[in-house]
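Residue 497 is where the sequence shown starts when you use my numbering, and the numbers rise one by one after that.
Every residue, glycine too, gets a C-beta built ideally from N, C-alpha and C.
For clarity, every value in this text was computed on a predicted model and none was experimentally measured.
The next block holds one structure in the form of structure tokens; read it before the comments.
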Amino acid sequence: MPTTVYDQFARRTATVTAQLTTLGIPLTAPVQPPAATDPTDPWASSHTVPVDRSTLAWCTAAQMLATHHDTGIDRQVDAADALLRGLGVRGLAQLHSDLHAGAPIDYRYTPCPYCSGIGEDPTLPDCQDAGCPPECEFAGHGHLCPVCPDNYEPRWFADEQMTVVEELLADAIKEREERASLRYRIRTRLHRRTLT
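In structure tokens:
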């Protein structure tokens, strides 16, 4: 039975939510108590962000953490809650980098954990949900993935990189030949001077 990449997202969400339901973990995170506001800070807020554990972003974060730490999803619930409460969907890029020892992730060669490398928002939001300007609301207008800035096309980018490397190598060889020629002329002149 052929499946689309969007079926993969639905399967991921269904698998994680089924595990949570089986373990008796609610699909909505408990609301955090409001933080004490500082009366001297006019921009302070006591607003807490609710976390829905049935979203694709939360399921992806929990699955990434469970896979990395080789534990069950139930052990990673609080970490996934904290990640999405603090950083939102874009926090998945930070998590992905942190799980790779802080190294930056090149999404041209590594598939995004959220969109699996398609480069579009897998939740298929409409323009109103995504907050697009009115002039962008036309047929075929896509919404980029909020996690990965690049398209996952390792073969195309590898060919492009090989072309760049070949050009750099050709330039280096040419420069080396020019320098060798210059060194030979200098050496010849210095040798002539020492003979006279």
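The three-state reading of DSSP puts Glu649 in coil, since its state is none of H, G, I, E or B. For Cys641, the closest of Ala589, His596, Leu580 and Gln559 by C-alpha to C-alpha distance is Ala589.
Taking the Cα positions, Arg581 is about 36 angstroms away from Arg651. Straight-line measurement puts the Cα of Asp570 at about 7 angstroms from the Cα of Leu519.
Burial state of Ala558 is buried, judged by a 10 Å Cβ sphere holding 16 or more other Cβ atoms.
Distance check between Leu591 and each of Tyr605, Phe505 and Gln572 places Gln572 closest, using alpha-carbon atoms only. Between the alpha carbons of His637 and Asp625 lies a distance of about 13 angstroms.
In the same chain as Arg508, and ignoring 5 residues on each side of it, the C-beta atoms closer than 6 angstroms to its own belong to Cys555, in chain order.
Thr619 sits in coil when the DSSP states are folded into three classes, being neither helix nor strand.
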